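*Asks:* Quick one: the structure is below, questions incoming.
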Amino acid sequence: MNFVFDFLETIVVALSVFVVIYLFIVQPHEVKGSSMEPTFQNNEYIITDKISYRFGKPNRGDVVIFKAPVNPDVDYIKRIIGLPGETVMVQSGRIYIDGKMLNEPYLEDLTPIFPGGFIKEGVVVSIPENHYFVMGDNRPHSSDSREFGPIEKKLIIGRAVFRYWPINNLGLIPGANYRY
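According to UniProt numbering, the residues represented by the sequence shown are 1 to 180, in order.
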């Protein structure tokens, strides 16, 4: 009888630890779609750090997972481009932060502007406090802040920190080091 109670206790403790880790510390996510290519491919799996933004602020270049502003049942993965209090402008396919061009060596294409979106060509947009301007790395094929505007910090689930599938791409996910 002691064996059964010990076994059940072990199972309950293990499940409790798993639930705490999953809810508060890290969570797996699947990359869906092509909006972050070439950095991430469709159907790759990553680990999201859910705790660091509870104690610190997101940085420019961080790849974040967040609840889509238009549908909170859907998670998006994008890169942080603009920080609270900054201005963002897209001019001739280039991003300008506070009037200075952002160097984005990881991009393959220029940044297009979509008709009817939040941001317009050559128009300076201010990012409110507790909001972040996010974009996919595959700019021609990304629904991001150009369309729906800056996202609130409370929508951010966490930062992508580790890719575990496919196994040949296994490794840490670095943020971009920007110079502008």
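Here a beta-carbon is modelled for each residue, glycine too, at the ideal position from N, C-alpha and C.
In this text, all values refer to a predicted model and were calculated from it rather than measured experimentally.
Is it buried or exposed for Arg163, if we count other Cβ within 10 angstroms and need 16 for buried?
*Replies:* Buried, since its Cβ has 16 or more Cβ neighbours within 10 Å.
*Asks:* Does DSSP put Pro140 in a helix, a strand or coil?
*Replies:* Reduced to three states, the DSSP call for Pro140 is helix.
*Asks:* What do you get for Ser16, buried or exposed, if any count of 16 or more other CB atoms within 10 angstroms of its CB means buried?
*Replies:* Looking at its Cβ environment, which holds fewer than 16 other Cβ atoms inside 10 Å, Ser16 is exposed.
*Asks:* Quick one, are the C-beta atoms of Gly158 and Asp49 less than 8 Å apart?
*Replies:* Yes, the Cβ-Cβ distance between Gly158 and Asp49 is below 8 Å.
*Asks:* Do you know how far the Cα of Ile81 is from the Cα of Tyr180?
*Replies:* Because the pLDDT at Tyr180 is just 45, under 50, the model does not fix this residue reliably, and the point stays unresolved.
*Asks:* At what residues does the alpha helix (DSSP H) containing Arg146 begin and finish?
*Replies:* Where Arg146 is concerned, the enclosing alpha helix (DSSP H) stretches over Ser145 to Phe148.
*Asks:* Where does Phe5 land, buried or exposed, given buried means 16+ other C-beta within 10 angstroms?
*Replies:* Exposed.
*Asks:* Check each candidate in Ser126, Asn138, Gln27 and Glu30 and name the one with the smallest Cα separation from Gly85.
*Replies:* Comparing Cα-Cα distances from Gly85 to each of Ser126, Asn138, Gln27 and Glu30, the minimum goes to Ser126.
*Asks:* Can you say whether Arg54 is buried or exposed, counting buried as having 16 or more other CB atoms within 10 angstroms of its CB?
*Replies:* Burial call: exposed.
*Asks:* Starting from the C-beta of His29, find all residues in its chain whose C-beta is less than 6 Å away, skip the five residues before and the five after it, and write them out in chain order.
*Replies:* Only Ile46, Thr48 and Ile65 meet the Cβ criterion.
*Asks:* Report the rounded CA-to-CA distance for Val90 versus Arg139, giving the unit in angstroms.
*Replies:* Straight-line Cα distance between these residues: approximately 12 Å.
*Asks:* May I ask you to verify whether the stretch 104-117 touches the stretch 139-149, counting CB pairs closer than 8 Å and requiring at least 3?
*Replies:* With the cut-off at 8 Å, the stretch 104-117 and the stretch 139-149 touch.
*Asks:* State the beta-bridge partners of Lys100 as determined by DSSP.
*Replies:* Lys100 is bridged to Ile97.
*Asks:* Tell me which same chain residues have a C-beta within less than 6 Å of the C-beta of Leu155, skipping the five on either side of it?
*Replies:* Once the five neighbours on either side are set aside, the close Cβ partners of Leu155 are Phe66 and Lys67.
*Asks:* In its own chain, which residues sit with a C-beta less than 7 Å from the C-beta of Val124, not counting the 5 before and 5 after it?
*Replies:* Taken in chain order, the residues that qualify are Thr87 and Met89.
*Asks:* Which residue comes first and which comes last in the alpha helix (DSSP H) that contains Gly55?
*Replies:* The question names Gly, but residue 55 in the sequence shown is Phe. Residues Ser52 to Phe55.
*Asks:* Does the Cβ of Ser35 have 16 or more other Cβ atoms within 10 Å, making it buried, or fewer, making it exposed?
*Replies:* With 16 or more other Cβ atoms within 10 Å, it is buried.
*Asks:* Considering only C-alpha positions, which residue in the set Ile51, Glu9, Arg94 and Ile173 is nearest to Ile119?
*Replies:* Of the candidates Ile51, Glu9, Arg94 and Ile173, the one whose C-alpha sits nearest the C-alpha of Ile119 is Arg94.
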